[in-house]
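**Q** Numbering (full-length UniProt numbering), first residue to last: 5 to 443. Every residue gets a Cβ at the ideal spot worked out from N, C-alpha and C, and that includes glycine. Okay, here's the structure, questions in a sec.
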Amino acid sequence: GLTGRLQSVFSKLRGKGKVSEDDVNEAMREVRLALLEADVNFKVVKDFVAKVKEKAIGKEVMESFTPGMVIIDIVNKELTELMGGTQAKLAKANKPPTVIMMAGLQGAGKTTTSGKLAKLLQKGNHRPLLVAGDIYRPAAIKQLEVLGEQIKVPVFSLGDKVSPVEIAKQGLQHAKDNNLDYVIIDTAGRLHVDEELMEELKQIHATVKPDEVLLVVDAMTGQDAVNVADSFNKQLDLSGVVLTKLDGDTRGGAALSVKAVTGCPIKFAALGEKIDALEPFHPERMASRILGMGDMLSLIEKAQANIDADKAKEMERKMRNAEFTFDDFLEQMDQVKKLGPIDQILDMLPGMNKAKGMKDLKVDDKQMGRVEAIVKSMTKKEKSQPEIINHNRRKRIAAGSGTSLAEVNRLIKQFDDMRRMMKQFSGMMGGMGGGKASK
Ligand code: GDP
Ligand code: MG
Numbered sequence: 005g006l007t008g009r010l011q012s013v014f015s016k017l018r019g020k021g022k023v024s025e026d027d028v029n030e031a032m033r034e035v036r037l038a039l040l041e042a043d044v045n046f047k048v049v050k051d052f053v054a055k056v057k058e059k060a061i062g063k064e065v066m067e068s069f070t071p072g073m074v075i076i077d078i079v080n081k082e083l084t085e086l087m088g089g090t091q092a093k094l095a096k097a098n099k100p101p102t103v104i105m106m107a108g109l110q111g112a113g114k115t116t117t118s119g120k121l122a123k124l125l126q127k128g129n130h131r132p133l134l135v136a137g138d139i140y141r142p143a144a145i146k147q148l149e150v151l152g153e154q155i156k157v158p159v160f161s162l163g164d165k166v167s168p169v170e171i172a173k174q175g176l177q178h179a180k181d182n183n184l185d186y187v188i189i190d191t192a193g194r195l196h197v198d199e200e201l202m203e204e205l206k207q208i209h210a211t212v213k214p215d216e217v218l219l220v221v222d223a224m225t226g227q228d229a230v231n232v233a234d235s236f237n238k239q240l241d242l243s244g245v246v247l248t249k250l251d252g253d254t255r256g257g258a259a260l261s262v263k264a265v266t267g268c269p270i271k272f273a274a275l276g277e278k279i280d281a282l283e284p285f286h287p288e289r290m291a292s293r294i295l296g297m298g299d300m301l302s303l304i305e306k307a308q309a310n311i312d313a314d315k316a317k318e319m320e321r322k323m324r325n326a327e328f329t330f331d332d333f334l335e336q337m338d339q340v341k342k343l344g345p346i347d348q349i350l351d352m353l354p355g356m357n358k359a360k361g362m363k364d365l366k367v368d369d370k371q372m373g374r375v376e377a378i379v380k381s382m383t384k385k386e387k388s389q390p391e392i393i394n395h396n397r398r399k400r401i402a403a404g405s406g407t408s409l410a411e412v413n414r415l416i417k418q419f420d421d422m423r424r425m426m427k428q429f430s431g432m433m434g435g436m437g438g439g440k441a442s443k
């Protein structure tokens, strides 16, 4: 799926200390394909990729300490923007009741969503009324009545012999008379957008003057959903979209295109058949869900806020030149500690990722305290010249730090391995200018 494909694009970028323009172009080519395959509108994809590229190829990004991470962050923010940026709230009438009219094709989920929305409103201490405006589909009225019964919300119905326009009108009056503050009008759908359907919806619209016209679209239908939204919007002046069936195997196309194509914000997401499977749509949450890296994204934000870029670059240079000392090691640990779970962070830091030996240190949070104690028990000279730490010194360090000789030995061995590996690594990089500090 989309998430898997994006993840593999970004895992290639993530560990890189340097990202070239070619790397960005290659990554964007893959992002473009992944989006098209997920059924995102062609033009939307084109604009999206152009925007991300423009931001990613900037000097600042390429020279940042963690360009791969910065690019993921850019993609995340642009995805969020694409879906409307911030959460679009349900309209509220100055004078109750607030009238919400549902629209959409048959089977999109209008009736189910009407019930779910009533439930959400009720949870917010409102008194909604459901109005059964679909007189064509057999059992549509019954379906709404069953939902109303289930959540103890009144359902207004005049059977199937009265016109939907009249039902909507009387339903609204009923809400006013009974001091109900939201009216949700369920309407009929067709298999395709047609004149007759639009005419009836327009008449209901003209009669009840809704505060909110929500188009319910089935996210599983991808670009078709977007085309449907576009044609409804041209005739009905929609105020919002509800994406249903996001629990299924959706490819993401509808969620990513509908706002850009219609200008209509997504207000709710339905994630299942159950009555409480409806939630306000949060573009930023959807973006990180699509990227499949919620945790990673918050780490990236923290890293950007907390890691001192100049210090980090100096560390990387020292690592490359094998000048890395136990002092540097402690400092590195201090920076990392500010962020949270160590393992994940080690993976994200370019220098760390390359220096595989670093991972063998297996610093989990608990162990880190012991490692710190060991290093702090070293003398200044020992820290900068680990090779002088002989057996007697090790015994002294173990005693001083309240650890064991075995632990001290292990740490020093791992540190040595790491330095040796870095030396080889910087030898390899030497001819390629890899050791040159930027700026
Ligand atoms: P309507 O014709 O637009 O009123 O559509 P319905 O509300 O009758 O829903 C059609 C079918 O889609 C029903 O079987 C619903 O249970 C199902 N459905 C609606 N919303 C969702 C959803 O978010 N997820 C899943 N999996 N099924 C849904
Ligand atoms: Mg229905």
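1. Look at the alpha carbon of E204 and the alpha carbon of P168, and state the distance between them as a whole number of angstroms.
2. What residues match up with D222 in a beta bridge as DSSP calls it?
3. Let me confirm a value: F14 is counted as buried when at least 16 other C-beta atoms fall within 10 Å, else exposed. Which label applies?
4. For L242, which three-state DSSP category applies?
5. With a cut-off of 8 angstroms on the beta carbons, I'd call A226 and D43 a contact; round off their distance for me.
6. Around the C-beta of A410, are 16 or more other C-beta atoms found within 10 angstroms, so that it is buried, or is it exposed?
7. Is DSSP giving E391 helix, strand or coil here?
8. Name the DSSP beta bridge partners of Y140, please?
9. May I ask you to check if the CB of D228 is nearer than 6 angstroms to at least one heavy atom of the ligand GDP?
10. Quick one: what's got a C-beta closer than 6 angstroms to Q239's C-beta in the same chain, skipping five residues either side?
11. To which residues of the same chain is M87 closer than 7 angstroms at the C-beta, ignoring the five residues directly before and after it?
12. Expressed to the nearest angstrom, what Euclidean distance is found between the alpha-carbon atoms of Q418 and K47?
13. If contacts are defined as beta-carbon pairs under 8 angstroms, then P132 and A122 qualify, I think. What distance do you get, rounded to the angstrom?
14. Counting only the same chain and skipping the five closest in sequence on each side, list residues whose C-beta sits under 7 angstroms from that of N80.
15. Ends of the beta strand (DSSP E) at K271?
16. Look up M106 in the DSSP assignment and say whether it is helix, strand or coil.
17. Return the CA-CA distance between L219 and Y186, expressed in angstroms with no decimal places.
18. Can you check whether the CB of A136 is closer than 7 angstroms to the CB of S161?
19. Tell me the DSSP bridge mates of T191?
20. I'd like to know if the stretch 16-32 and the stretch 46-62 are in contact, where contact means that at least 3 CB-CB pairs between them fall below 8 angstroms.
21. Ordered along the chain, which non-local residues of its own chain (more than five positions away) have a Cβ less than 8 angstroms from that of E335?
22. I need the boundaries of the beta strand (DSSP E) containing L282, first residue and last residue.
23. Using alpha carbons as the reference points, say which of E153, K165 and V159 lies closest to Y140.
24. Comparing the CB of Q110 with every heavy atom of the ligand GDP, is any distance shorter than 6 angstroms?
25. Taking all protein chains shown into account, decide if G435 is buried (16 or more other Cβ within 10 angstroms of its Cβ) or exposed.
26. For A107, is the beta carbon positioned less than 6 angstroms from some heavy atom of the ligand MG?
27. If contact is defined by three or more beta carbon pairs under 8 angstroms, each pair taking one atom from either stretch, is the stretch 238-257 in contact with the stretch 35-42?
28. Assuming V221 and S243 form a contact by the criterion Cβ under 8 angstroms, report the distance between their Cβ atoms to the nearest whole angstrom.
29. Measure how close the beta-carbons of T248 and A223 come, nearest whole angstrom, since I'm counting them as under 8 angstroms.
30. Quick one: what's got a C-beta closer than 7 angstroms to L124's C-beta in the same chain, skipping five residues either side?
31. E216 by DSSP, collapsed to three states: which one?
32. Are there 16 or more other CB atoms within 10 angstroms of the CB of A403, so buried, or fewer, so exposed?
33. Could you name the residues of the same chain whose beta carbon sits closer than 6 angstroms to that of M105, not counting the 5 residues immediately before and after it, in chain order?
34. Mapping the DSSP letters down to three states, classify P287 as helix, strand or coil.
35. So for V159, helix, strand or coil by DSSP?
**A** According to the structure shown:
1. As a working note, residue 204 is residue 200 in the sequence shown. As a working note, residue 168 is residue 164 in the sequence shown. If you take the alpha carbons of E204 and P168, they lie about 8 angstroms apart.
2. Position 218 of the sequence shown, counted from the start, is the residue given in the question as residue 222. Answer by DSSP bridge pairing, in chain order: T248.
3. On the sequence shown, residue 14 is found 10 positions in, with the first residue counted as 1. Burial call: buried.
4. Walking along the sequence shown from the start, residue 242 turns up at place 238. L242: coil per DSSP, three-state reduction.
5. Within the sequence shown, the letter at position 222 stands for residue 226. Within the sequence shown, the letter at position 39 stands for residue 43. Rather than Ala, the amino acid found at residue 226 in this sequence is Gly. Right, the Cβ-Cβ distance comes to about 3 angstroms (below 8 angstroms), so this counts as a contact.
6. By one-based count along the sequence shown, residue 410 stands at place 406. Burial call: exposed.
7. Here residue 391 refers to the residue found at position 387 of the sequence shown. Looking at E391 - three-state DSSP - the assignment turns out to be helix.
8. Position 136 of the sequence shown, counting from 1, holds the residue named residue 140. In DSSP, Y140 forms no bridge with anything.
9. Position 224 of the sequence shown, counted from the start, is the residue given in the question as residue 228. No, since every heavy atom of the ligand GDP falls outside the 6 angstroms radius drawn around the Cβ of D228.
10. Start at 1 with the first residue of the sequence shown, and residue 239 comes out as number 235. Around Q239: M202.
11. In the sequence shown, the residue the question calls residue 87 occupies position 83. If we look at M87 and ignore the five residues flanking it on each side, its Cβ neighbours are A259, L260, K263, I270, P287, M290 and A291.
12. As a position in the sequence shown, residue 418 is number 414, starting the count at 1. As a position in the sequence shown, residue 47 is number 43, starting the count at 1. For Q418 and K47, the distance between alpha carbons rounds to 52 angstroms.
13. As a working mapping, residue 132 is identified with position 128 in the sequence shown. As a working mapping, residue 122 is identified with position 118 in the sequence shown. With 8 angstroms as the limit, P132 and A122 qualify as a contact, their Cβ atoms being about 4 angstroms apart.
14. For the purposes of this step, residue 80 is taken as the residue at position 76 of the sequence shown. Within the same chain, N80 has close Cβ partners A291, S292, L295 and L301.
15. As a working note, residue 271 is residue 267 in the sequence shown. Unbroken beta strand (DSSP E) run through K271: I270 to A274.
16. Your numbering for residue 106 matches position 102 in the sequence shown. In this structure, M106 counts as strand in the three-state DSSP scheme.
17. Numbered from its first residue, the sequence shown carries residue 219 at position 215. Numbered from its first residue, the sequence shown carries residue 186 at position 182. Cα to Cα, L219 sits roughly 17 angstroms from Y186.
18. Translated into the one-based positions of the sequence shown, residue 161 becomes position 157. Translated into the one-based positions of the sequence shown, residue 136 becomes position 132. Yes, the pair counts as a contact, with Cβ atoms nearer than the cut-off.
19. Here residue 191 corresponds to residue number 187 of the sequence shown, with the count starting at 1. DSSP, once it has assigned bridges, lists G137 as partnering T191.
20. yes
21. The residue given as residue 335 occupies position 331 in the sequence shown. Excluding sequence neighbours, E335 sits near K315 and M319.
22. If you number the sequence shown from 1, residue 282 lands on position 278. Segment L282 to P284, the beta strand (DSSP E) holding L282.
23. Within the sequence shown, the letter at position 136 stands for residue 140. When each option's Cα is compared against that of Y140, the closest is K165.
24. By one-based count along the sequence shown, residue 110 stands at place 106. Q110: yes, Cβ under 6 angstroms from the ligand GDP.
25. Within the sequence shown, numbered from 1, the residue matching residue 435 stands at position 431. Since pLDDT at G435 reaches only 29, below the 50 mark, its modelled position is unreliable, and no value is offered.
26. Residue mapping note: residue 107 aligns to position 103 of the sequence shown, counting from 1. No, Cβ of A107 sits at least 6 angstroms from all heavy atoms of the ligand MG.
27. yes
28. Reading the sequence shown from its first residue, position 217 is the one you call residue 221. Reading the sequence shown from its first residue, position 239 is the one you call residue 243. The Cβ separation is near 14 angstroms, so there is no contact.
29. Along the sequence shown, read from residue 1 onward, the residue named residue 248 stands at position 244. Along the sequence shown, read from residue 1 onward, the residue named residue 223 stands at position 219. Their Cβ separation, rounded to whole angstroms, is 6 angstroms, which keeps T248 and A223 in contact under 8 angstroms.
30. Position 120 of the sequence shown, counted from the start, is the residue given in the question as residue 124. Cβ neighbours of L124 beyond the five flanking positions: L282.
31. The count along the sequence shown starts at 1 and reaches residue 216 at position 212. E216: strand per DSSP, three-state reduction.
32. For this step, residue 403 is matched to residue 399 along the sequence shown. Burial call: exposed.
33. Walking along the sequence shown from the start, residue 105 turns up at place 101. So the list reads I189, P214 and V217, once near-sequence residues are dropped.
34. By one-based count along the sequence shown, residue 287 stands at place 283. If DSSP states are grouped into helix, strand and coil, P287 belongs with the helices.
35. Residue 159 sits at position 155 when you count from the first residue of the sequence shown. Here V159 sits in strand by DSSP.
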